[in-house]
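Undergrad: What follows is a structure written as structure tokens; I'll ask about it next.
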Amino acid sequence: MRGSLQAYKRVSVDSQLTSASPHRVISMLMAGAIERLIQGKAAMEQGSIAVKGERLGKALDIVISLRSCLSMEDGAEIASNLDALYDYMIQQIYKANQDNLAEPIDDVIGMLREIKSAWDQIPAEYHNMTQLDV
169 MRGSLQAYKR VSVDSQLTSA SPHRVISMLM AGAIERLIQG KAAMEQGSIA
219 VKGERLGKAL DIVISLRSCL SMEDGAEIAS NLDALYDYMI QQIYKANQDN
269 LAEPIDDVIG MLREIKSAWD QIPAEYHNMT QLDV
């Protein structure tokens with residue numbers, strides 16, 4: 169049953185991604201990172217080291233992907249600030265995993281939630297714009 173549910177979730181996410189705007193994809197990535205961080209923290213608290221490592225590793229991959237999506241040409245100051253934040257988040261996830269600490273995970277979750285909240289408030293008419301369109 170669990171395998172079927174996971175397969176269904178994968179198909180659901182895949183279908184959402186194919187039809188999603190770039191703006192929506194970034195929002196989904198942020199939500200995915202937050203979810204993996206919460207799961208990693210729960211696994212840490214339960215002493216499940218393998219699951220903790222897997223979930224935090226996936227969160228780390230997502231944050232690295234978010235960082236790689238930054239366009240330094242479009243909105244250079246914002247992109248530069250986000251780059252620094254993502255770099256800090258990457259360091260905190262490594263620290264949390266290595267030292268088995270929940271606090272850095274909570275910090276990263278808080279930062280991602282704040283960024284995602286601001287991102288989700290961008291009006292729809294701007295979702296596909298670049299600096300050239302402004």
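The numbering of the sequence shown is this note's numbering, which starts it at 169 and goes up by one. Positions of the beta carbon are idealized from the N, C-alpha and C atoms, including for glycine. Treat the numbers as computed from the prediction; the structure is a model and nothing was measured.
1. Measuring CB atoms only, is the region 249-268 touching the region 204-224, in the sense that at least three cross pairs come out at less than 8 angstroms?
2. Does any residue of chain C bring its CB to less than 8 angstroms from the CB of GLN259?
3. If contacts are defined as beta-carbon pairs under 8 angstroms, then ALA227 and GLY215 qualify, I think. What distance do you get, rounded to the angstrom?
4. What is the C-beta distance between SER195 and LYS284, in whole angstroms, given that I count them as a contact (C-beta under 8 angstroms)?
5. Helix, strand or coil: how does DSSP classify GLN249 here?
6. So what does DSSP say about PRO190, is it helix, strand or coil?
7. Quick check: what's the CA-CA separation for ASP288 versus ILE258?
8. Is it true that the CB of ILE230 sits closer than 8 angstroms to the CB of ILE277?
9. Rounded to the nearest angstrom, what separates TYR254 and ASN296 at their Cα positions?
10. Starting from SER285, trace the alpha helix (DSSP H) in both directions and tell me its first and last residue.
11. Quick check on ASN265: does DSSP put it in helix, strand or coil?
TA: This is what the structure gives:
1. yes
2. Here chain C cannot be found, since the structure has a single protein chain.
3. Mapped onto the sequence shown, residue 227 falls at position 59. Mapped onto the sequence shown, residue 215 falls at position 47. Between GLY215 and ALA227 the Cβ distance is about 19 angstroms, and since that is not below 8 angstroms, they are no contact.
4. Along the sequence shown, one-based indexing puts residue 195 at 27. Along the sequence shown, one-based indexing puts residue 284 at 116. 6 angstroms between Cβ atoms; contact.
5. Along the sequence shown, read from residue 1 onward, the residue named residue 249 stands at position 81. The sequence given here has Asn at residue 249, not Gln. ASN249 falls in the helix class under three-state DSSP.
6. As a first step, residue 190 must be located in the sequence shown, where it is residue number 22. Correct three-state label for PRO190: helix.
7. By 1-based counting over the sequence shown, the position of residue 288 is 120. By 1-based counting over the sequence shown, the position of residue 258 is 90. So the alpha carbons of these two residues sit roughly 22 angstroms apart.
8. Here residue 277 refers to the residue found at position 109 when the sequence shown is read from its first residue. Here residue 230 refers to the residue found at position 62 when the sequence shown is read from its first residue. Not a contact, by the Cβ cut-off of 8 angstroms.
9. On the sequence shown, residue 254 is found 86 positions in, with the first residue counted as 1. On the sequence shown, residue 296 is found 128 positions in, with the first residue counted as 1. Cα to Cα, the separation comes out at about 22 angstroms.
10. As a first step, residue 285 must be located in the sequence shown, where it is residue number 117. Looking at the DSSP string, the run of the alpha helix (DSSP H) that includes SER285 is 271-288.
11. Stepping through the sequence shown from its first residue, residue 265 is reached at position 97. Reduced to three states, the DSSP call for ASN265 is helix.
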